[in-house]
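Residue numbering for the sequence shown follows this note's numbering, starting at 16 and increasing by one per position.
Glycine is no exception: its CB is placed at the ideal position from the N, C-alpha and C atoms.
Step one of this worksheet: look at the structure below.
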Amino acid sequence: MPFPSDHLRSVLAELQLCTPADLDALSRHVRPPGDEVPDFDLCWLDVLVTHRFLTPWQANQLQSDDPWSLVKGGFRLREPLGRHTWLAETPDRRTPVVFCRIGSSETRPPQEQLTRGQGIIDRIPDLADGRTGGVCLPKQVLQDDQGDIWLISPWVAGWSAEELLIRGGRMPWQAVQEIGRTLLNGLTVLERLQLVHGSISLNHLRLTRHGQAVLVDPFSASLRDPAATFRSDQQLRHVRHCAPERVGTGRACDAVSDLYSLGTVLWQLLTARPTFLSADPVRFLMHCRSEDVADVREWVPDCPASLAEAIRQMTRRHPDLRPQSMAEAHDRWPGPERRRCPHTRRLVRQLPERNHRPRPPHRPCRQRRLLQAGWAAAAVTGIALVGLTAGVVPLPLTMPHRASLEPTETDAAASDAAAVPAAANDTLLVLPEPDADGLVTLISGRTYHPVPIQSPGRLQIRTTGEAPAAIAIRDGSPWTVTADEIQMSGVHLTGTADSSTLLHLNAAIVVLDRCRFECTDASGTGLTWTPSGSGSTVGQVHNCIFSGGRQGIRTATPPDRMELHNTLFYRTAAAWRCSVSRRSQVTVHLDRVTQFLGRSFLDITWTSDTRSLTAEITCGHSVLAPTDALIRIASTAPDRTGIPVTVGFFLAGRSDPSIIPSGVSTAVQLDRSLGYLVELPPDQQLIEGLLVADPQFGSAADDDRPFADAILRDFDGPKLSTRLPGIDFDRLPVTYESDPAEPVR
């Protein structure tokens, strides 16, 4: 049997992964490659992985241009454990360690990161097992040839708490009490050394086979970024234990914020549920900043009052209400001080056995291997089954010969719904100013005169009851609100014939719930949003109605994240108009959205400095029924003829596809040389989340509620679920009940 190529043999020898004697012993297990395997080295890599000489990740790295990147100092990387963490080993495979990248030459000056990391190592006492109490401490910091800075820690074998909750459910309170005592012991020692962990989470809590709770990966998060930063691609698992005072403030981690993280970890061990129910990281952080964590006894009635109170004190929203040191929290923690943890040890004994250390290679043995062709056939079969299960094959879309970006009078007609009534005697209440907490409270059922609001930080505008409050735009000027974060619920805005814009928001984060925008001007806009700030910009619109006008929503620049949930665009020419300059990506997520009688869903205008454009719409359970196209693209620069454009319509998870009528184009672009819109070529469009079917709107004959004619009654296409797509009409603010207004005092 031929041996691997000289290049692969030299790499295996230099990295000390496999000796020539091992290759001789393995040669009888390598089958001759067929025509479908052009590279014989792939067969050898497959056998080396099967006999544990390589991990699958190492095999992939050996096929890269730089296989020697596996070596870091005197260690060799085995496989990734997280975004910045790798499992490594010594060349003799006897000592597993954890490599955590804390910096690189591209992010911060390497010498600064190296000095800070070495300063932490110098403060740590020399321990044989690398542990102090319940914290696993790093042993070394080094810089590799590429300029990356690494923190090296001992490997802690066992189960992660996140894995245990997923597989086994919540833990008994006796075990959680022991875990809390052990972790507080270790964190108190760190506090004496003037150190903080900085990244306490379920994923960093491990239980050994002896029932010992250990926090791993300390200091790495604070070394990578001393102040917590939040991006648009942030995942929930990365922020679910973040202290509220660190959200968007740039505040560094300290013992008090670590106590909050520890409290939420213990709370989740007891309940097997997150502290706040939200699948979106931004909304989760909003709950974290505005609400205290609930009493754990609501879900665990047998939890002792002393343990529940200790966790409640650690998870208070305001840092001044928590214990001000780890030592203070340790003194308040209930239960006796024990050297052993019998309840936790009894818990791990009930878990299935597993290998707690990376296993060395075993001697070659006869073992059957699946051919690559079999795996390819299985993958193709799986993809085909998924396609058949979805039952969605986009049909060819036709395009009208001529179209325009300007709406007609009939398209911008006002809603049949009655306008929000003004207050009695044409008297409007004075809009109150924000209080010290940034809260503006409106009386339900009353009508207010708009007054510009400018507030630092977070601003909340809400009503006293379930009934909404009205803002009457009468002088043609929009209501302007400026803050870092704006949350608005239960507000109805109406304008007169000369009101071009109802509401103008300047904020980084905008959250609207149960709001209604009614434009009577054919060229009006319901909401104009200017995303501001240097951080991530996020827009969330829930249970809202936009009726009439040229645009429902208009943004000066595309936000990092835009979500529309259970929202109705009623007789609005364009649901969203977005201007693009240097930034060239527009992304929007739809869930239960209905557009009824409009020209397009998304209008995009680009300027002379735009080089390319990407538009992505993630569809789900929606009905988009414009007359021209889903996306219309035009340039504001007459001298530019066109730019590279890519448009994608994607299916959101297990959601049903969105319904669009036949004869409606997916994406069109204005060709100034021809003077009308032309459809984008098929190679510039990716259509996965759309189903072409003619929708039938309308409600029951005795249903005279406003906007009821926008309810989807049926469509001539495959029904993928018993519930029709489109809006949940009962959750929309379709009715208005007003009380007689009191005179303005």
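Under 8 Å, do residue i and residue j count as touching if we go by C-beta distance?
i           : j           : result
residue 529 : residue 562 : no
residue 747 : residue 560 : yes
residue 483 : residue 516 : no
residue 175 : residue 218 : yes
residue 118 : residue 105 : no
residue 461 : residue 500 : no
residue 270 : residue 341 : yes
residue 700 : residue 662 : yes
residue 455 : residue 467 : no
residue 611 : residue 579 : no
residue 135 : residue 234 : yes
residue 675 : residue 730 : no
residue 281 : residue 344 : no
residue 664 : residue 704 : yes
residue 653 : residue 687 : yes
residue 91  : residue 30  : yes
residue 159 : residue 87  : yes
residue 284 : residue 194 : yes
residue 628 : residue 603 : no
residue 535 : residue 511 : yes
residue 660 : residue 684 : yes
residue 266 : residue 260 : yes
residue 634 : residue 574 : no
residue 12  : residue 643 : Because the chain spans 16 through 760 in this model, residue 12 falls outside it and cannot be assessed.
residue 648 : residue 625 : no
residue 262 : residue 303 : yes
residue 94  : residue 110 : no
Using 8 Å for Cβ pairs, my map puts residue i next to residue j. What's the rounded Cβ distance?
i           : j           : result
residue 589 : residue 645 : Not quite, the Cβ-Cβ distance comes to about 11 Å (not below 8 Å), so this is no contact.
residue 710 : residue 608 : Not a contact, Cβ separation roughly 13 Å.
residue 289 : residue 250 : Not a contact, Cβ separation roughly 13 Å.
residue 236 : residue 213 : 5 Å
residue 148 : residue 201 : 3 Å
residue 220 : residue 205 : Incorrect: roughly 15 Å between the Cβ atoms, too far for contact.
residue 523 : residue 552 : 5 Å
residue 581 : residue 702 : 24 Å between Cβ atoms; not a contact.
residue 62  : residue 96  : Rounded, the Cβ-Cβ distance is 26 Å, inconsistent with contact.
residue 348 : residue 131 : Not confirmed; about 31 Å, so no contact.
residue 173 : residue 224 : 6 Å
Around the Cβ of residue i, are there at least 16 other Cβ atoms within 10 angstroms (buried) or fewer (exposed)?
i           : result
residue 756 : Residue confidence for residue 756 is low, a pLDDT of 37 falling below 50, so the modelled location carries little weight and cannot support an answer.
residue 734 : exposed
residue 382 : Residue placement at residue 382 cannot be trusted, given a pLDDT of 39 that sits under 50; the coordinates are not used to answer.
residue 333 : exposed
residue 713 : exposed
residue 750 : exposed
residue 7   : The requested residue 7 is not part of the displayed model; the chain covers only 16 to 760.
residue 181 : exposed
residue 475 : buried
residue 20  : exposed
residue 100 : buried
residue 556 : buried
residue 85  : buried
residue 35  : exposed
residue 591 : buried
Per DSSP, residue i is paired with what?
i           : result
residue 510 : 488
residue 521 : 497, 545
residue 127 : Note: residue 127 sits in no beta bridge, so no partner.
residue 685 : 692
residue 613 : 641
residue 734 : In DSSP, residue 734 forms no bridge with anything.
residue 87  : 90
residue 578 : 555, 604
residue 111 : 104
residue 334 : Note: residue 334 sits in no beta bridge, so no partner.
residue 701 : 663
residue 229 : 221
residue 301 : The partner list for residue 301 (beta bridge, DSSP) is empty, contrary to what the question assumes.
Stretch pair the segment 536-543 + the segment 562-582: three plus CB contacts closer than 8 Å: yes
Touch test, the segment 330-338 against the segment 352-365, Cβ-Cβ under 8 Å, three pairs minimum: no
The segment 100-115 / the segment 152-169 touching (three or more Cβ pairs under 8 Å): As far as the Cβ criterion goes, the segment 100-115 touches the segment 152-169, which means the pair count is three or higher.
At least three beta-carbon pairs within less than 8 Å, the segment 300-319 to the segment 206-226: The count of Cβ pairs closer than 8 Å, one atom from the segment 300-319 and one from the segment 206-226, stays below three, leaving the stretches out of contact.
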